[in-house]
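Just so we're aligned, residue 455 is where the sequence shown starts under the working numbering, counting upward by one.
Idealized CB from N, CA, C, for every residue including glycine.
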Amino acid sequence: NRKIVDVPHAINLFGEKVLLKKLKKRLRIYMQTHASLAAKSRLVIGGLAGINIEEEAWSSAGVIPAVELALERVNNHSDILKDYYLDIEWKDSRCASGFGIKGMVEHITESPPKIAFLGPGCSIAAAPVAETLPFWNVTQISFSLTSPDLSNKKKYPNIYRINPSETIHDPALLALTNFFKWERLFIIKHELRIFSSITESLHALLVEKKKSVDVIGFLNNPTSAIKSLKDKDARIVVLLMYENQARKIVCSAYQNGFYGSHIVWILRGWYSKKWWTVNDTQCTIEEIKKVITNVFYVDHVDYASDDAEVFGLTKSRFNEKYTELIRKKNSTIFKVNKYAPYGYDAVVMLARALNSTEESLRRMNKSLSDFTYARSDIAEVIKDNISNTDNIKGLTGVIKLDEQGDRIINVWLQQLQDYEVVDVALYCTENGSIELMPSKNFLWTDGRVPLDRRAKNDILLCISRPIFWWTTSASICGVFASFYFLWINIKQGSQRFFKMSTPPLNNLMIIGAIIAYIYVPLHGIKSCTMEVTVLNSILCKVDAFFISIAFSLVFGAIFMKTWRIYKIFTNVKLSKQLRFLTNKHLVVLVILLVIFDSIYLLIWNTVHPLQDRIEEVLVENHHAVNKVYFAHACTSPYYHQWFVGLVSYKGILMLFGMFLTWETRNVSFPGLNDSKYIGMCVYNIFIVTMVVLPVGMFTFKANVDAGYSITATSIIFCTTATLVLMFYTKIHLEKKTATTPTHPTMSVDKSVIGPTIARNAIGPSPTWKHCYP
């Protein structure tokens, strides 16, 4: 009277030949044990497994042989369910929610009542079944369901998992990140409900532990997800998806150049051992292997020790028998499944719970044979005995459940080494520790642990000592030369050539040159430290005053000389105006320029003081480290506005000076003017100030040596050239005329002089001598 299977459905499910083999086997078993079975009552389990699945679904057909092997062992055990024998009837859930419901309804509507349900193998098919079975007072045992949702006892009160939930991996993954000091992680999830649930659980745990977590999802095309990882410079990447989608991810990573020794991939351990070898992407196996150089697996421990026996089978003996059963079945449907030991242990746990239930019911004058879908009292006893499962020996280790009915189990931390999965460390779930396996260690492609982000190496750029001392030495020489020219100017001031070149203006020019020379070492003497100092802030203000005043003195003196020459040659009929071109008036005008600079800079530093600041000037990105270069800079609020204001008025002065120089370019009156050399000085100052100095100050921020060298060299060269042009020629000419007396002559070439002069003058004003003392 034993019902083996629904025959019409079984023919469709397994095929006629396979069914005949099953019938023969069951008949043989029946004939061998018919004497004992005749006196036993049959308890039927409703089995649900994904057999005829779609391409992307997960097959749990490989668990069926392990379940049948466990039933055979339980039924032959003299101390378990003495008055009963367990049997199972399978329905195909196809790893789909609709077929899961269909199989459940068929089980419920077919007799006899099912004492419990085993499966389905996929969470997507199991969730609606688990939500519905409580209405029929049926308990459900899982051998492979991992969805965190199923831990919700309010929604799924009757389901128990012999296999661990996905959430069991989360503390292990957290411990792994702590072990390697990874604080910044990225999660890529396939947009399916199961992976969304897993992601929510993992994300909540990581964020609670102060980890930086970024979640990126994709549905079909992972290219955008990979590009996002690349743009964000991701290093530690957790994949939550089925392995076919993982192959798409790593293929896309290869195609987008997102791979290398600096990237770590963390996967779930239920992937097949050679999951990357399936050729279902646009990448070759060799290309994919270039991506998976640093791969971790977080996988629960699925076997007990070799010598542990469970109903007469050790782990190795089970593997032998299981492999033999798989070989005898249809190889296109029944393949080796890593959850087979859990299927075996699920039957073991259920059998022991039913055995305890029978003992409890007998004390109440009841029995398991009284069970119907209306007997909630019996269902509650069954549930209580399953919930109290503690320290039962199984092939997957000691079976112990938590309050949610989930398996408590340790977790392997595995690494792909030479493209083989190696158990490197063990995470103990109960105490949260990581224990390295003997003679095992984590290996890295470049010999060091990857960082969760590029290391930041802060480098302060300072002026090198050789360059500083070279420019300082040149400046000191310039200062001595300036004092020499100052001495000559004072000593020879009454001589004709010096007197006619306006000695007071020359003195102001030399003072400006000395200030410019002093500016060079002051500009480079800032403290080379990563801290903002008071000394550097003071030097910022002093630098601004020195360079501005030096410019006003040097260029202002030259400008006034040019201005006087211009007015002399354009004011023939306005001789009264020449009274305001005396030395005294010109010196006052130069001093007014200096006063204007001082007032402007004082207001600037009062309203928005110049301060030393350390600025980031360059970032060099490498796989392992970001080199960030810093440099000291003088700045203030609205710095550019203040700077532009100061430079604008000086620029206008320079342009006007260029105009005057061009207008007087062909005036030749020895002794009266320095027109030729003044013009050279103006052109020199214009080029250096408007072209060279901005290049040194703003273009070479990331190369302080180059920037300082250009700035210092330009100032030294420009200042020295001005002094030489203005004084060396006079000294040389004075020596020459001392031996060869000459009389000054005046010539003006109307054909080549500036248009203004040509219109207004044929020579200097008759009163030009009044301009000179």
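Tell me whether R527 sits in a helix, a strand or coil according to DSSP, three-state version. Helix, per DSSP.
Integer Cβ distance of P892 from W898, believed to fall under 8 Å: Incorrect: roughly 20 Å between the Cβ atoms, too far for contact.
Member of I1019, L1047 and L1046 whose CA lies at the smallest distance from the CA of L1035: I1019
Which residues does DSSP pair with G671 in a beta bridge? K643
Cβ shell of A1087 (< 6 Å), same chain only, five flanking positions each side left out: R1067 and E1069
Straight-line gap, D546 to E509 (C-alpha atoms, nearest Å): 15 Å
Sequence ranges, beta strand (DSSP E) only - wholly within the segment 520-564, length at least 3: 538-546
Which class does F1023 belong to by DSSP, given the choice of helix, strand or coil? coil
Could you tell me which residues DSSP puts in a beta bridge with H1076? Answer is none; H1076 lacks a bridge partner.
For G1161, count neighbouring Cβ atoms within 10 angstroms of its own Cβ and tell me buried if that reaches 16, exposed if not. buried
Quick one: complete alpha helix (DSSP H) runs, 4+ long, within the segment 905-984? Here the runs fully enclosed are 919-945, 950-954 and 957-978.
Assuming I648 and I703 form a contact by the criterion Cβ under 8 Å, report the distance between their Cβ atoms to the nearest whole angstrom. So it is not a contact: roughly 17 Å between Cβ atoms.
Helix, strand or coil for T593? Go by DSSP, reduced to three states. If DSSP states are grouped into helix, strand and coil, T593 belongs with the strands.
Opening and closing residue of the alpha helix (DSSP H) in which D734 lies: Unbroken run through D734: none, as it is neither H nor E.
Just confirm the distance between the C-beta atoms of S619 and T600, as a whole number of angstroms; I'd bet it's less than 8 Å. 6 Å
Less than 7 Å between C-beta atoms, sequence neighbours within five positions excluded: which residues of the same chain meet that for I965? Correct list, in chain order: L1007.
Does the segment 919-930 touch the segment 992-1007, meaning 3 or more C-beta pairs lie closer than 8 Å? No, because fewer than three Cβ pairs between the segment 992-1007 and the segment 919-930 fall closer than 8 Å, the two stretches do not touch.
Closer than 6 Å by C-beta to T906: which residues in its own chain qualify, once you throw out the five before and the five after it? Chain order, please. Strictly speaking, residue 906 in this sequence is Asp, with Thr absent from that position. Same-chain partners within the cutoff: W636, E637, R638, R689 and I690.
Would V801 and A524 qualify as a contact pair, given that the criterion is a beta-carbon distance under 9 Å? Result yes, Cβ atoms of V801 and A524 sit closer than 9 Å.
Which residue marks the beginning of the alpha helix (DSSP H) containing D685, and which one marks its end? T677 to D685
Please tell me whether G797 and V528 are closer than 9 Å, where the distance is taken between their beta carbons. no
Terminal residues of the continuous beta strand (DSSP E) containing K568? K568 to L572
Rounded straight-line distance, which links the Cα of K608 to that of A444: Nothing can be reported for residue 444, as the shown portion of the chain is limited to 455 through 1227.
E874: first and last residue of the uninterrupted alpha helix (DSSP H) it sits in: Per DSSP, E874 belongs to no alpha helix (DSSP H); it is in the beta strand (DSSP E), E874 to C882.
Whole-angstrom distance between A1156 and K686, CA atom to CA atom: Going by the C-alpha atoms only, they are around 25 Å apart.
Taking Cβ positions, are Y538 and K568 nearer each other than 9 Å? No.
I believe A580 touches S596 by the beta-carbon criterion, under 8 Å. Please report the beta-carbon distance rounded to the nearest angstrom. 7 Å
Given a cut-off of 9 Å, decide if D912 and L1082 are closer than it, judged by their beta-carbon atoms. Here residue 1082 is Val; the residue named in the question, Leu, does not match the sequence. Yes.
Measure the Cβ-Cβ separation of S598 and Y793 and say whether it is below 9 Å. yes
Taking only the alpha-carbon atoms, compute the straight-line gap between M1200 and S955 and give it to the nearest angstrom. Note on M1200: pLDDT 42, under 50, position unreliable in the model; the coordinate value appears next. Going from the Cα of M1200 to the Cα of S955 covers about 16 Å.
Counted within 10 angstroms of its Cβ, other Cβ atoms place R902 as buried (16 or more) or exposed: The residue is exposed, with fewer than 16 neighbouring Cβ atoms inside 10 Å.
Simplified DSSP assignment, three categories, for I690: Strand, per DSSP.
Within the continuous alpha helix (DSSP H) that includes L1109, where are the two ends? Y1093 to E1117
Excluding five sequence neighbours on each side, which residues of the same chain lie with their C-beta closer than 6 Å to the C-beta of L1028? Note that L1028 scores a pLDDT of 49, beneath 50, so its modelled location is shaky; the value from the coordinates is reported in the next line. So no residue of the chain qualifies.
On the premise that F633 lies in contact with I680, defined as a C-beta separation below 8 Å, what is that separation, rounded to the nearest angstrom? I680 to F633, Cβ: 27 Å. No contact.
Out of I1170, K1038, D1159 and S1002, which has the shortest C-alpha to C-alpha gap to G1099? S1002
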